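Colleague: Before anything else, here's the structure in question.
In my numbering, the protein residues as written are 151 to 715.
Structure below.
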C-alpha cells in the first residue's frame, strides 16, 4: 500500500535517482542537520554546520544525487550565502578601515597565511597530498567558501591532468569539529593567560569608543557674543568645521515660534539655536556664540516637528543631500542619517542609499512633502527586490569567472563562485548600488538567503563526502588528519592572540571577535556573545569577515594550483 512512499525515501543507485527523490533527500538532510545543530554541549552547538554531518550520515547509508544536480545545488547555495554576507557586512567593512580595521585585517590575513604555511609544511613532511590537506585546512578554520574554492580549483586542474583527486570534503568533515571547539578553547585559554576581567575590558572599550569615535550629539545654545550677530548660519558653519555642524532649529528671543534654519538665516542677539554635530564641533560653536541654553521652547513640536523618514524611492537614491536640495525646496533641516546601525551627520555631500532613515526637522506640511520625495514606504522596504538581487548575483558570477593567468600555475586563477559574488556585494553595499542594483536587503530576507544558501551547500557537500567518508578515514588514518587539523587550528590563533594583545594592546573582547572572524566561525561567535554577555565581539567579527573569506578562497585555490599540478 505504501510502496510508493518506500520507493521515494529509500536510497537508490545514482543513475536511478528521480527529481522528487533528490528534492526530498536534500530537505531531509537540511531538517535533520538543523535538529543536530541545536544540540548543545557545554553551551557549544554545531549550529547550521550540523547539516554537513547529517549529509555525511545520509551519504554513508547510500543516498545519492545526480552529479549535475549536486553541483548546481552546491554552487547556488554557496553563491546565495556569500552574496548575503557581502550585503550584510559591507557598510561596516569599508568604514572600519578608517578606524581599527587596518590592524584587525592585517592580523586576520596574517593568521590566514600562517595556516597556509603550516599546510605546506605538512605537505612536505607527511605522506598526504594537497587535495586532502586543503580540505583539512578549510575544516580546521571552519571556512566553507575555502572548501568550495578548493573543489573548483581541483576540478579545473583535473582538466589539464590525468591525476584522480580525492574529495577535500572528507578532510574538511574530519577537522571541522575541532575547528569549532579549538577556537572556543583558545578564547578561554587567552582569558586565563592574560587574567582578563570582562567588566573592566567592557568599560575600557566603551570609554575608548566615546573618545575615538563619538556619535553626533544635540545641544541648545544662546547667542550672546557679538561675533556672529548679523551673520548667517552659513558663516557659523564655515567658522566651526566646514560641514561638521548643523543648526536644526532656531528661535528668536522673546518669541515662541520655532523655525527650521537655512544657510541664509540671519543670527540675531539672544537667539536660541539647536546645534547638531560631533561633540567637539558643538562645543566650539557654543563657545563662539555664547553659552549652552536651557530654553525648552525650542523643543516645541507645535509648529516644528522632528520625524524620521525612510528612503525608499529610486529617484532619491544615489543622490547627495545637496543634489536633492530638500532644505531649500521645502524649508526643512536634515540633521542625521541612520544606515546599517551607524549614525551619520547629514552633511550636504552625503549620498543617500536605499533603506536609509533620515532625521528631518520642519513643519508637518513640509515633512509630508519631503516624505513624498524620499518615499518613506515601510512596505517597499519589506519587499525583497528580487530583480536587484538577481542582477547582482549575475555580475558576481561574471567577475568570479574571469581567468587570471599566472606564469607557473597549471590552470588560471579565478575568484570563483564564492569570492566573485562576495566582492560585488561588498562594492554594491559600499556605494549603495550600481545602476538599478541597489544595496538594501531587509534583515529577514538577508538571514533567510544566507542560512538557506549555506544549508544547501552543506547538504550537498555532506552527501557527496558521505559515500567515501568511512573508507577515507580508514585508508588515511583519520585520527592523524584530526591531529593535523588541530595544529592548523591552534598555532595561528595562538600567535595572533599574543601579537594582538601584547604588541597592539587590543581589547580582549575585540580579540575574541577577531578569533571567531578569522576562522569565519559563527558558532564561536555565538559562544563568545552568550558566554561573555557582550556584543563587542560582533563588531570585530564583521570587520575582518569579508577580507578573511576572500583571503581563504584565494589561498585554497593557490595551494591547489601550485601543488596539485
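Here a beta-carbon is modelled for each residue, glycine too, at the ideal position from N, C-alpha and C.
These numbers come from a predicted model, not from an experiment.
(1) For the stretch 413-422 against the stretch 455-462, are there 3 or more C-beta pairs whose distance is under 8 Å?
(2) Mind pulling the alpha helix (DSSP H) runs of 4 or more residues that sit fully within the stretch 159-221?
(3) CB residue 374 to CB residue 476, shorter than 9 Å?
(4) How many whole angstroms separate the CB atoms of residue 400 and residue 435, which I take to be in contact at a CB cut-off of 8 Å?
(5) Let me confirm a value: residue 465 is counted as buried when at least 16 other C-beta atoms fall within 10 Å, else exposed. Which label applies?
(6) I think residue 211 touches residue 161, with their Cβ atoms under 8 Å apart; what is that distance to the nearest whole Å?
(7) For residue 535, does the count of other Cβ atoms within 10 angstroms reach 16, so buried, or fall short, so exposed?
(8) So if DSSP puts residue 488 in a beta bridge, which residue, or which two residues, is it bridged to?
(9) Could you tell me the distance, in whole angstroms, from the CA atom of residue 304 to the CA atom of residue 224?
(10) Any idea what DSSP makes of residue 442, helix, strand or coil?
(11) Nearest CA to the CA of residue 382: which residue from 545, 690 and 421?
(12) Is it buried or exposed for residue 238, if we count other Cβ within 10 angstroms and need 16 for buried?
(13) Entirely within the stretch 255-318 and at least 4 residues each: give me those alpha helix (DSSP H) ranges in chain order.
(14) What's the gap between the Cα of residue 181 and the Cα of residue 201?
(15) I'd like to confirm the pairing. Which residues does DSSP put opposite residue 523 in its beta bridges?
(16) Given this structure, state the Cα-to-Cα distance separating residue 545 from residue 432, to the nearest angstrom.
(17) Can you check which of these residues, 552, 456 and 530, is closest to residue 515 by C-alpha distance?
(18) Under 9 Å between the Cβ atoms of residue 486 and residue 493?
(19) What did DSSP end up calling residue 655 once you bin it into helix, strand or coil?
(20) Checking 9 Å against the spacing of the C-beta atoms, do residue 148 and residue 294 come in under that value?
(21) Considering residue 622, what are the terminal residues of the alpha helix (DSSP H) in which it resides?
(22) Applying the criterion that 16 or more other CB atoms from any shown protein chain within 10 Å of the CB defines a buried residue, is residue 629 buried or exposed?
(23) Run through the DSSP bridge pairs and tell me what residue 370 is partnered with.
(24) Could you tell me the alpha carbon to alpha carbon distance between residue 394 and residue 206, rounded to whole angstroms?
(25) Curious, which full-length alpha helix (DSSP H) runs of at least 4 residues does the stretch 669-696 contain?
(26) Name the two residues that bound the continuous beta strand (DSSP E) containing residue 398.
(27) From residue 268 to residue 523, what distance separates their C-alpha atoms?
(28) Could you check what DSSP says for residue 436 in three-state terms: helix, strand or coil?
(29) To the nearest angstrom, report how far apart residue 260 and residue 525 are at their CA atoms.
Modeller: By the coordinates alone:
(1) Touching, no, given that fewer than three Cβ pairs across the two stretches are closer than 8 Å.
(2) Runs found: 169-187 and 200-210.
(3) Here residue 374 corresponds to residue number 224 of the chain shown, with the count starting at 1. Here residue 476 corresponds to residue number 326 of the chain shown, with the count starting at 1. For residue 374 and residue 476, no; Cβs fall outside 9 Å.
(4) Taking the chain shown and counting its residues from 1, the one referred to as residue 400 is at position 250. Taking the chain shown and counting its residues from 1, the one referred to as residue 435 is at position 285. Contact flag wrong, Cβ pair sits at about 13 Å.
(5) Numbered from its first residue, the chain shown carries residue 465 at position 315. Answer is exposed; the Cβ neighbour count stays below 16.
(6) Sequence index remark: in the chain shown, residue 211 carries index 61 (1-based). Sequence index remark: in the chain shown, residue 161 carries index 11 (1-based). Yes, they are in contact, since the Cβ atoms of residue 211 and residue 161 sit about 6 Å apart, within 8 Å.
(7) In the chain shown, counting from the first residue as 1, residue 535 sits at position 385. Flag for residue 535 reads buried.
(8) As a position in the chain shown, residue 488 is number 338, starting the count at 1. 493 and 507.
(9) In the chain shown, the residue the question calls residue 304 occupies position 154. In the chain shown, the residue the question calls residue 224 occupies position 74. Roughly 15 Å between the two C-alpha positions.
(10) Residue mapping note: residue 442 aligns to position 292 of the chain shown, counting from 1. DSSP places residue 442 in strand when its eight states are reduced to three.
(11) Within the chain shown, the letter at position 232 stands for residue 382. Scanning 545, 690 and 421 for the CA closest to the CA of residue 382 turns up 421.
(12) For the purposes of this step, residue 238 is taken as residue 88 along the chain shown, with counting starting at 1. When all chains shown are included, residue 238 counts as buried.
(13) Within the stretch 255-318, complete alpha helix (DSSP H) segments of at least 4 residues are found at 280-290 and 294-308, given in chain order.
(14) Taking the chain shown and counting its residues from 1, the one referred to as residue 181 is at position 31. Taking the chain shown and counting its residues from 1, the one referred to as residue 201 is at position 51. Roughly 8 Å between the two C-alpha positions.
(15) The residue you call residue 523 lines up with position 373 of the chain shown. Answer by DSSP bridge pairing: none, since residue 523 is not bridged.
(16) As a position in the chain shown, residue 545 is number 395, starting the count at 1. As a position in the chain shown, residue 432 is number 282, starting the count at 1. In this structure, the straight-line span from the alpha carbon of residue 545 to that of residue 432 is close to 44 Å.
(17) Here residue 515 refers to the residue found at position 365 when the chain shown is read from its first residue. In this structure, 456 is the residue among 552, 456 and 530 with its C-alpha nearest to the C-alpha of residue 515.
(18) On the chain shown, residue 486 is found 336 positions in, with the first residue counted as 1. On the chain shown, residue 493 is found 343 positions in, with the first residue counted as 1. Yes. Within cutoff.
(19) Here residue 655 refers to the residue found at position 505 when the chain shown is read from its first residue. Coil.
(20) With the chain represented from 151 up to 715, any question about residue 148 goes unanswered, as that position is not in the structure.
(21) If you number the chain shown from 1, residue 622 lands on position 472. Residue 622 -> alpha helix (DSSP H) spans 593-625.
(22) Against the chain shown, residue 629 aligns to sequence position 479. Looking at its Cβ environment, which holds fewer than 16 other Cβ atoms inside 10 Å, residue 629 is exposed.
(23) Your numbering for residue 370 matches position 220 in the chain shown. BP columns for residue 370 point to 424.
(24) As a working mapping, residue 394 is identified with position 244 in the chain shown. As a working mapping, residue 206 is identified with position 56 in the chain shown. It is roughly 57 Å from the alpha-carbon of residue 394 to the alpha-carbon of residue 206.
(25) Whole alpha helix (DSSP H) segments, 4+ residues: 672-681.
(26) As a first step, residue 398 must be located in the chain shown, where it is residue number 248. For residue 398, the enclosing beta strand (DSSP E) has its first and last residue at 395-401.
(27) Sequence index remark: in the chain shown, residue 268 carries index 118 (1-based). Sequence index remark: in the chain shown, residue 523 carries index 373 (1-based). Cα to Cα, the separation comes out at about 57 Å.
(28) In the chain shown, the residue the question calls residue 436 occupies position 286. Helix.
(29) Indexing the chain shown from 1 puts residue 260 at position 110. Indexing the chain shown from 1 puts residue 525 at position 375. Going from the Cα of residue 260 to the Cα of residue 525 covers about 45 Å.
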